[in-house]
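As structure tokens, the structure follows; a few thoughts come after it.
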Amino acid sequence: MSKPNPFTDTITLDTVTHDRLAKERITDTKLAEYDQITVVSQASLNRQMEHMHRLYKTLRRLDIRQIDDPNAGLINCALEPPQVKLRLGLNRQKVTYYIRIKSGTYLCHSVDANHTVTEHKHSVKGWVVALDVNMAMSEMDANKIPNKVKKKIENLGDYSVHQLQVGFTDASMAKCLDSESTIKLDQGERPRFDAFLNGYIEKLRESPESNILNLLPRVRNTNISLDAPTLVPTELNFQCIPFVTDKMDTQGKEGIKEGTANMLVYLQMTAHRPLPHDFLPISANWIIPPADNKSEAYDGTICLSKKIFLDGWLMPKMARFNDQSTWVTTAAEWTQSFFTFGFKLEGHAGISQADKDSDAQFNNTEWVYDSTTTSETIIANVTHAVPAIPAGSRVYKYSVNSKKVDATFPYNVCLNATTTNHLYIPEGLTNGKCAITITGQVWTHSYIHIAGVGELGVQQSWITATWATQLILDGVDQGHLKIRFEPATITPKLDVIKDESFLYPDFLNIQIARVRDDLTKMNMSGLVADLAKLFSGEWGFIFAGGRNFYIDKACFNREGDLLCQLNYKA
Numbered sequence: 019m020s021k022p023n024p025f026t027d028t029i030t031l032d033t034v035t036h037d038r039l040a041k042e043r044i045t046d047t048k049l050a051e052y053d054q055i056t057v058v059s060q061a062s063l064n065r066q067m068e069h070m071h072r073l074y075k076t077l078r079r080l081d082i083r084q085i086d087d088p089n090a091g092l093i094n095c096a097l098e099p100p101q102v103k104l105r106l107g108l109n110r111q112k113v114t115y116y117i118r119i120k121s122g123t124y125l126c127h128s129v130d131a132n133h134t135v136t137e138h139k140h141s142v143k144g145w146v147v148a149l150d151v152n153m154a155m156s157e158m159d160a161n162k163i164p165n166k167v168k169k170k171i172e173n174l175g176d177y178s179v180h181q182l183q184v185g186f187t188d189a190s191m192a193k194c195l196d197s198e199s200t201i202k203l204d205q206g207e208r209p210r211f212d213a214f215l216n217g218y219i220e221k222l223r224e225s226p227e228s229n230i231l232n233l234l235p236r237v238r239n240t241n242i243s244l245d246a247p248t249l250v251p252t253e254l255n256f257q258c259i260p261f262v263t264d265k266m267d268t269q270g271k272e273g274i275k276e277g278t279a280n281m282l283v284y285l286q287m288t289a290h291r292p293l294p295h296d297f298l299p300i301s302a303n304w305i306i307p308p309a310d311n312k313s314e315a316y317d318g319t320i321c322l323s324k325k326i327f328l329d330g331w332l333m334p335k336m337a338r339f340n341d342q343s344t345w346v347t348t349a350a351e352w353t354q355s356f357f358t359f360g361f362k363l364e365g366h367a368g369i370s371q372a373d374k375d376s377d378a379q380f381n382n383t384e385w386v387y388d389s390t391t392t393s394e395t396i397i398a399n400v401t402h403a404v405p406a407i408p409a410g411s412r413v414y415k416y417s418v419n420s421k422k423v424d425a426t427f428p429y430n431v432c433l434n435a436t437t438t439n440h441l442y443i444p445e446g447l448t449n450g451k452c453a454i455t456i457t458g459q460v461w462t463h464s465y466i467h468i469a470g471v472g473e474l475g476v477q478q479s480w481i482t483a484t485w486a487t488q489l490i491l492d493g494v495d496q497g498h499l500k501i502r503f504e505p506a507t508i509t510p511k512l513d514v515i516k517d518e519s520f521l522y523p524d525f526l527n528i529q530i531a532r533v534r535d536d537l538t539k540m541n542m543s544g545l546v547a548d549l550a551k552l553f554s555g556e557w558g559f560i561f562a563g564g565r566n567f568y569i570d571k572a573c574f575n576r577e578g579d580l581l582c583q584l585n586y587k588a
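For the sequence shown, this note's numbering assigns the number 19 to the initial residue and increments by one for each residue that follows.
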């Protein structure tokens, strides 16, 4: 393993370790009782600190003069960007904050017993002051919320914005960690230097905007109800967790790599559910460093629980496939006299409100988890070539039968139809993509029998229409999650078996056209738009000064939770 900068560089792992940890991220990560989390690496936080350093002079200059006594001393120094190291264990809501003095001058005076004043001038270069500091989350003054955040949140009055800060409320040089500091002064000179630094800490305390790590919207109005997961969290907390190379190391006292890959986790609940009593247990690493300097790296992870995303949002929207593809038999009857051989066999694909009113079964088109079907099971003869579905995919099924019969002697007319759809949620990524496969089959059996005329009075046929499509979450282009259906237009494949008699040579033509045309009309553009709104652009649950997170890959873990990779961009 290479030796990284312990603060801002993305560490690298050997290929074997990387591949093992990347697999465990899919198979072993667990949200426990939380609805969603946002995880950011220590390295990304320190890149944020670099950005804040450019924005705020307080972070660039250490200029303190003792006003009450101009001769007492001063310190004038340029500062490197501050850095933080996430603390773990019982200190999981703390950081070590490093004030890094680039170069400058420290001047002070001492007076001996004879009242002789001696000037002490120090050239300061590369000194580091390490402080034990709490992180603090608090509600931001509404007047100070940045305009870009206001623009992202509709009806701002229904929400509050919380800020996670490096909290200097009780910070002082009394909490200086000498073991991690490099202050090149004799012990006798430290008290005066500490007094100057306490003056700088006071400046940091008075400039809270320069200490903000992230801004997080939170629902204020308890009466508001939005569709998950666009619902902004209603409860927030945070903790630090270690990066570990052995998933059995659940203690994770220090992590590895001097903390570079350790993680800050924003714990979030939705729908006004209370926060769990316990912090998030360590399961597996949420962020995996790259295998080498040329491999893809990412700064964070969002995890949306199966409950709020897959079950609560995506599957109900994917039920549109079932709404639009279900064959509804509306008529099977004789309409004219016996001698004119009049009959009616009618139906259509797509459930209307009238269908729901007339048959209660059409009010429920939900997908049902199918534990008996393996991920390798795909309906035969699908229209389009679909890549092999990865082993371990989560399988859902929808099936409904619609049948009409007129058995008034001497007639027997029947139209029987069964719609069977399957949906496959893959585990992890394949070539940078998450491909959710949806397959469908509409099977109809039409039967006409007139008693007393032998074979001339029997006519039956079978139509089988099959179709398939994939919802692709494509993260090939880093920084841009592309969402699409392949194919965009569904064209069903029809297999027809007819047992014809000369009495009704063309009786199926209308029905065949209806099956083909109705299934071709299936339109899921609304779902693509909803997903694009959710995942494209800035991630709306977390903001930072001038820089934000963007999703570039998304997939499901073994628990059925959605994992999204985040990249920090200006």
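No residue lacks a Cβ here, since even glycine has one placed at the ideal position from N, Cα and C. Values in this document were obtained by computation on a predicted structure and should not be read as measured data.
Checklist entry - Is R110 helix, strand or coil by DSSP? => result Sequence index remark: in the sequence shown, residue 110 carries index 92 (1-based). Here R110 sits in coil by DSSP.
Checklist entry - According to DSSP, is R105 helix, strand or coil? => result Along the sequence shown, read from residue 1 onward, the residue named residue 105 stands at position 87. R105 falls in the coil class under three-state DSSP.
Item to check | I466 and V431 closer than 8 Å at C-beta | outcome: Position 448 of the sequence shown, counted from the first residue, corresponds to residue 466. Position 413 of the sequence shown, counted from the first residue, corresponds to residue 431. For I466 and V431, yes; Cβs fall inside 8 Å.
Checklist entry - On the three-state DSSP scale, how would you describe N566? => result As a first step, residue 566 must be located in the sequence shown, where it is residue number 548. N566 falls in the strand class under three-state DSSP.
Checklist entry - Do the CB positions of F256 and Q111 come within less than 8 Å of each other? => result The sequence position of residue 256 within the sequence shown is 238, counting from 1. The sequence position of residue 111 within the sequence shown is 93, counting from 1. Yes; because the gap between Cβ atoms is below 8 Å, this pair is in contact.
Checklist entry - G578 to P299, Cα distance in whole Å? => result Translated into positions along the sequence shown, residue 578 becomes position 560. Translated into positions along the sequence shown, residue 299 becomes position 281. The straight-line gap from Cα to Cα measures roughly 18 Å.
Next on the checklist: On the DSSP bridge list, what partners appear for A350?
Outcome noted: Residue numbering aside, residue 350 sits at position 332 when the sequence shown is read from its first letter. Per DSSP, L363.
Next on the checklist: Below 8 Å on the Cβ atoms is my contact criterion, and I expect S228 with Y124 to pass it. Report the Cβ-Cβ distance as a whole number of Å.
Outcome noted: If you number the sequence shown from 1, residue 228 lands on position 210. If you number the sequence shown from 1, residue 124 lands on position 106. In fact, because the Cβ distance is near 22 Å, the residues do not count as touching under 8 Å.
Item to check | N-terminal and C-terminal residue of the alpha helix (DSSP H) that D341 is part of | outcome: The sequence position of residue 341 within the sequence shown is 323, counting from 1. Here the alpha helix (DSSP H) through D341 covers M333 to S343.
Next on the checklist: By DSSP's criteria, P235 is part of a beta bridge. Which residues make up the other side?
Outcome noted: By one-based count along the sequence shown, residue 235 stands at place 217. Looking at the DSSP assignment, P235 forms a beta bridge with V179.
Item to check | CB contact flag (Q54, C452, <8 Å) | outcome: Along the sequence shown, read from residue 1 onward, the residue named residue 54 stands at position 36. Along the sequence shown, read from residue 1 onward, the residue named residue 452 stands at position 434. Cβ atoms of Q54 and C452: not closer than 8 Å.
Next on the checklist: Pop quiz: P260 and L106 are said to be a contact at Cβ under 8 Å. What is the actual Cβ separation, rounded to whole angstroms?
Outcome noted: Here residue 260 refers to the residue found at position 242 of the sequence shown. Here residue 106 refers to the residue found at position 88 of the sequence shown. About 5 Å; that satisfies the 8 Å criterion.
Item to check | Contact under 8 Å by Cβ, F214 with I93 | outcome: Walking along the sequence shown from the start, residue 214 turns up at place 196. Walking along the sequence shown from the start, residue 93 turns up at place 75. It is a contact, given that the beta carbons lie within the stated cut-off.
Next on the checklist: Assess contact between the segment 64-79 and the segment 197-211, defined as three or more Cβ pairs (one per stretch) separated by less than 8 Å. Is contact present?
Outcome noted: Result no; under three Cβ-Cβ pairs closer than 8 Å.
Next on the checklist: Quick check: S417 and T347, are their CB atoms within less than 8 Å of each other?
Outcome noted: Position 399 of the sequence shown, counted from the start, is the residue given in the question as residue 417. Position 329 of the sequence shown, counted from the start, is the residue given in the question as residue 347. Cβ atoms of S417 and T347: not closer than 8 Å.
Item to check | Residues of its chain near R9, where Cβ-Cβ distance is below 7 Å and the 5 sequence neighbours each way are ignored | outcome: The displayed coordinates of the chain run from 19 to 588. Any statement about residue 9 would go beyond what the structure contains.
Item to check | Closer than 7 Å: V514 CB and nearest the ligand SAH heavy atom | outcome: As presented, the structure is devoid of all ligands, the ligand SAH included, so that no description of it is given.
Checklist entry - Can you name the start and end residues of the alpha helix (DSSP H) that L544 belongs to? => result Here residue 544 refers to the residue found at position 526 of the sequence shown. Residue 544 is actually Gly in this sequence, not Leu. Where G544 is concerned, the enclosing alpha helix (DSSP H) starts and stops at S543 to F553.
Checklist entry - In or out: P292 buried (at least 16 other Cβ within 10 Å) or exposed? => result Locating residue 292 in the sequence shown gives position 274, where the first residue counts as 1. Answer is exposed; the Cβ neighbour count stays below 16.
Checklist entry - With which residues is T252 paired in a DSSP beta bridge? => result By one-based count along the sequence shown, residue 252 stands at place 234. Its beta-bridge partners do not exist; DSSP assigns none.
Item to check | Inter-residue spacing [alpha-carbon to alpha-carbon] between K41 and M281 | outcome: Here residue 41 is taken as the residue at index 23 of the sequence shown, counted from 1. Here residue 281 is taken as the residue at index 263 of the sequence shown, counted from 1. Approximately 18 Å, taken between the alpha carbons.
Item to check | Proximity winner among K202, K120 and S62, relative to H140 (alpha-carbon distances) | outcome: Within the sequence shown, residue 140 is the residue found at index 122, counting from 1. The option with the nearest alpha carbon to H140 is K202.
Item to check | Nearest-angstrom Cα separation, counted from P294 out to D548 | outcome: The residue given as residue 548 occupies position 530 in the sequence shown. The residue given as residue 294 occupies position 276 in the sequence shown. Their backbone Cα atoms lie some 30 Å apart in a straight line.
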